[in-house]
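Engineer:
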Amino acid sequence: MENRPTKIAFIILFLVLIVAFARILKPFFIPAFLGLLIVIIFNPIYGLFLRLVGGKRYLASFFTTILVSLCIITPFAIIVGIIMANMNSVIHYISIQLQSGEFSGVVDQANLWVAAKASEYSDWLPSDFNLRAELLVVLASLSKVFYQYSPRVVAATASMISGVFLMVIFMFALFAQGPNIYRTIISLTPLKDEHKDILSEEIRRVISGTFLGMVATAIAQGILIGIGFAIAGISNPVVWGLVAIGVTMIPVVGGPLMYVPAAIGLIITGDVGWGIFILVYGIGLVSMADNFIKPLVMRGAVHVNPLLLALCLVGGGLWLGPVGIIIGPLVGVLLLSMIDIYQREFT
2 MENRPTKIAF IILFLVLIVA FARILKPFFI PAFLGLLIVI IFNPIYGLFL RLVGGKRYLA
62 SFFTTILVSL CIITPFAIIV GIIMANMNSV IHYISIQLQS GEFSGVVDQA NLWVAAKASE
122 YSDWLPSDFN LRAELLVVLA SLSKVFYQYS PRVVAATASM ISGVFLMVIF MFALFAQGPN
182 IYRTIISLTP LKDEHKDILS EEIRRVISGT FLGMVATAIA QGILIGIGFA IAGISNPVVW
242 GLVAIGVTMI PVVGGPLMYV PAAIGLIITG DVGWGIFILV YGIGLVSMAD NFIKPLVMRG
302 AVHVNPLLLA LCLVGGGLWL GPVGIIIGPL VGVLLLSMID IYQREFT
């Protein structure tokens with residue numbers, strides 16, 4: 002490829018093939034990306050299995066995929082399935098309790114308080130405001146929406162099952178072939194070898210630090226959930242704390258998946274005060290622990306200011322959702338590395 006037209010033709014053909022290949026893979030992007038995310042997080046576990054089986058990549062990939070599926074994917078799918086299967090029953094039960102059951106007295110007291118304050122806030126609160134009636138309208142609307150969308154929920158569930166199956170396949174392949182793919186991508190970057198080594202090391206540190214941060218946060222949140230459940234009188238708090246350690250490995254939604262159903266269960270059974278306590282405790286302490294523990298643990302691995310790491314974690318999460326918890330710190334650390342390379346090479 003010595004002449005310019007040949008190079009241009011090659012580049013155009015190369016770009017066309019990349020676009021076409023990306024279009025072919027578009028339907029599989031979400032399961033592939035989620036599989037990649039899980040592989041990045043659990044890569045140290047894969048490394049452990051790789052040493053245990055004597056360097057046999059596919060065998061180590063098989064064991065790691067099975068472990069991740071049993072510990073993370075299966076509990077998450079079961080919890081979501083239970084919530085979806087019982088949603089209408091929960092809404093119906095709460096409606097009955099609001100009208101004549103255990104919630105009736107609480108709502109009556111709240112109505113008296115609202116009536117006493119109605120004159121003070123007459124501009125936006127009507128004098129005939131009835132909390133019970135408003136709550137029943139909301140519950141009826143929720144029930145109607147859930148009923149209308151239940152066929153779509155079934156279709157979405159089938160789609161989710163196929164997506165999870167594809168994600169597991171991608172996990173198995175990426176655990177085994179990920180290092181080779183990574184080396185190929187790095188070799189294509191137009192940087193000096195020493196700069197490639199710097200970026201590779203930073204990526205490794207971010208991945209390792211993110212994993213350690215997630216483990217430390219999950220352990221802390223599991224302990225906090227166990228303590229909160231014990232205070233609220235929920236049976237088997239130690240067992241639930243151990244379950245929470247696995248569930249809270251799921252970014253963002255892991256903690257709420259544990260304390261929100263518990264709070265709802267307490268409220269439904271009449272323990273309204275303890276239900277509200279668990280909800281406030283979960284939001285104010287369990288979920289917030291993620292914003293403090295993870296940056297502190299990651300700082301030891303990536304040597305970046307904890308405040309900057311926290312900003313990258315939160316900003317990445319707001320930008321890309323759970324995926325951003327990985328992408329945010331990675332982008333921040335790589336940017337700092339590029340600035341360092343620029344200062345050494347060009348100033």
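Per this note's numbering, residue 2 is the first one in the sequence shown, and the count goes up by one each step. Glycine is no exception: its CB is placed at the ideal position from the N, C-alpha and C atoms. All of these numbers come straight from a predicted model, not from anything done at the bench.
(1) For residue 220 and residue 169, what's the separation of their Cα atoms in angstroms?
(2) What does a CB cutoff of less than 7 Å around residue 45 pick up in its chain, not counting 5 residues either side in sequence?
(3) Which of the three DSSP states is assigned to residue 196 in this structure?
(4) Helix, strand or coil for residue 12? Go by DSSP, reduced to three states.
(5) Run through the segment 240 to 282 for me and flag every whole alpha helix (DSSP H) of 4 or more residues, listed as ranges in chain order.
(6) Which stretch, first to last residue, makes up the alpha helix (DSSP H) that contains residue 42?
(7) Please report the residue range of the alpha helix (DSSP H) in which residue 286 lies.
(8) Taking the continuous alpha helix (DSSP H) assigned at residue 338, which residues delimit it?
(9) How would you write the range of the alpha helix (DSSP H) that residue 316 sits in, first residue to last?
(10) In the structure shown, what three-state DSSP assignment does residue 181 receive?
(11) With 16 as the cutoff for other CB atoms within 10 Å, does residue 23 come out buried or exposed?
(12) Report the CB separation of residue 334 from residue 298 in whole angstroms; it is logged as a contact under 8 Å.
(13) Would DSSP call residue 236 helix, strand or coil?
(14) Under 7 Å between the Cβ atoms of residue 225 and residue 138?
(15) Could you give the distance in angstroms between the alpha-carbon of residue 280 and the alpha-carbon of residue 265?
(16) The alpha helix (DSSP H) that contains residue 65, what's its start and end?
(17) Is DSSP giving residue 296 helix, strand or coil here?
(18) DSSP three-state label for residue 54, please.
(19) What's the gap between the Cα of residue 183 and the Cα of residue 50?
(20) Look at the alpha carbon of residue 48 and the alpha carbon of residue 30, and state the distance between them as a whole number of angstroms.
(21) By Cβ distance, which residues of its chain are closer than 7 Å to residue 74, with the 5 residues on each side in sequence left out?
(22) Mark residue 369 as exposed unless 16 or more other C-beta atoms lie within 10 angstroms of its C-beta, in which case mark it buried.
(23) For residue 320, count neighbouring C-beta atoms within 10 Å of its own C-beta (all shown protein chains included) and say buried if the count is 16 or more, exposed if not.
(24) Do you know whose CA, among 315, 64, 263, lies nearest residue 234's CA?
(25) Identify whether residue 45 lies in helix, strand or coil by the three-state DSSP scheme.
(26) How many Å lie between residue 350 and residue 347 at the Cα?
(27) Shortest alpha-carbon distance to residue 178 belongs to which of 247, 283, 40?
(28) What three-state label does DSSP hand residue 190 in the structure shown?
(29) Once you ignore the five residues that flank residue 42 on each side, which residues in its own chain have a CB closer than 6 Å to its CB?
(30) Can you tell me whether residue 191 is buried or exposed? The criterion is at least 16 other CB atoms within 10 Å of its CB, across all chains shown.
Structural biologist: Answer, in terms of the structure:
(1) Position 219 of the sequence shown, counted from the first residue, corresponds to residue 220. Position 168 of the sequence shown, counted from the first residue, corresponds to residue 169. Cα to Cα, residue 220 sits roughly 25 Å from residue 169.
(2) Against the sequence shown, residue 45 aligns to sequence position 44. Taking C-beta separations shorter than 7 Å and ignoring five residues to either side along the sequence, the partners of residue 45 in its chain run 209, 212, following chain order.
(3) For the purposes of this step, residue 196 is taken as the residue at position 195 of the sequence shown. Looking at residue 196 - three-state DSSP - the assignment turns out to be helix.
(4) The residue you call residue 12 lines up with position 11 of the sequence shown. Residue 12 falls in the helix class under three-state DSSP.
(5) With a minimum length of 4 residues, the continuous alpha helix (DSSP H) runs that stay inside the segment 240 to 282 are 255 to 269, 273 to 282.
(6) Reading the sequence shown from its first residue, position 41 is the one you call residue 42. Taken as a continuous stretch (DSSP letters only), the alpha helix (DSSP H) holding residue 42 covers 30 to 42.
(7) Here residue 286 corresponds to residue number 285 of the sequence shown, with the count starting at 1. No residue range can be given for residue 286, since it is assigned to no alpha helix (DSSP H) and is classified by DSSP as neither H nor E.
(8) Start at 1 with the first residue of the sequence shown, and residue 338 comes out as number 337. Taken as a continuous stretch (DSSP letters only), the alpha helix (DSSP H) holding residue 338 covers 325 to 347.
(9) Locating residue 316 in the sequence shown gives position 315, where the first residue counts as 1. Residue range 307 to 321 is occupied by the alpha helix (DSSP H) that includes residue 316.
(10) Here the question's residue 181 lines up with position 180 in the sequence shown. DSSP, reduced to helix, strand and coil, places residue 181 within a helical segment of the structure shown.
(11) Counting from one through the sequence shown, the residue named residue 23 turns up at place 22. Label assigned to residue 23: exposed.
(12) For the purposes of this step, residue 334 is taken as the residue at position 333 of the sequence shown. For the purposes of this step, residue 298 is taken as the residue at position 297 of the sequence shown. Separation of the CB atoms of residue 334 and residue 298 is rounded to 15 Å, and the pair is thereby denied contact status at 8 Å.
(13) Counting from 1 along the sequence shown, the entry for residue 236 is found at position 235. Coil at residue 236, not helix or strand.
(14) By 1-based counting over the sequence shown, the position of residue 225 is 224. By 1-based counting over the sequence shown, the position of residue 138 is 137. Between residue 225 and residue 138, the CB-CB gap reaches or exceeds 7 Å.
(15) Your numbering for residue 280 matches position 279 in the sequence shown. Your numbering for residue 265 matches position 264 in the sequence shown. Residue 280 and residue 265: Cα-Cα distance of roughly 9 Å.
(16) Counted from its first residue, the sequence shown places residue 65 at position 64. Unbroken alpha helix (DSSP H) run through residue 65: 58 to 69.
(17) As a position in the sequence shown, residue 296 is number 295, starting the count at 1. In the structure shown, residue 296 sits in a helix (DSSP, three-state: H, G or I).
(18) The residue given as residue 54 occupies position 53 in the sequence shown. Here residue 54 carries a coil assignment [DSSP, helix/strand/coil].
(19) Here residue 183 is taken as the residue at index 182 of the sequence shown, counted from 1. Here residue 50 is taken as the residue at index 49 of the sequence shown, counted from 1. So the alpha carbons of these two residues sit roughly 20 Å apart.
(20) Here the question's residue 48 lines up with position 47 in the sequence shown. Here the question's residue 30 lines up with position 29 in the sequence shown. Cα to Cα, residue 48 sits roughly 25 Å from residue 30.
(21) Taking the first residue of the sequence shown as position 1, residue 74 is located at position 73. 165.
(22) A query on residue 369 cannot be resolved here, the shown segment of the chain reaching from 2 to 348 and no further.
(23) As a working mapping, residue 320 is identified with position 319 in the sequence shown. By the neighbour-count rule (16 or more Cβ atoms within 10 Å), residue 320 is not buried but exposed.
(24) Within the sequence shown, numbered from 1, the residue matching residue 234 stands at position 233. Nearest of 315, 64, 263 to residue 234, Cα basis: 263.
(25) By 1-based counting over the sequence shown, the position of residue 45 is 44. Here residue 45 sits in helix by DSSP.
(26) In this structure the chain extends from 2 to 348, so residue 350 is not present and cannot be described.
(27) Translated into the one-based positions of the sequence shown, residue 178 becomes position 177. Looking from the CA of residue 178, the closest CA among 247, 283, 40 belongs to 40.
(28) The sequence position of residue 190 within the sequence shown is 189, counting from 1. Here residue 190 sits in coil by DSSP.
(29) The residue you call residue 42 lines up with position 41 of the sequence shown. Excluding its 5 nearest sequence neighbours in each direction, residue 42 has C-beta neighbours in its own chain below 6 Å: 212, listed in chain order.
(30) To locate residue 191, count along the sequence shown from 1; it is residue 190. Exposed is the call here.
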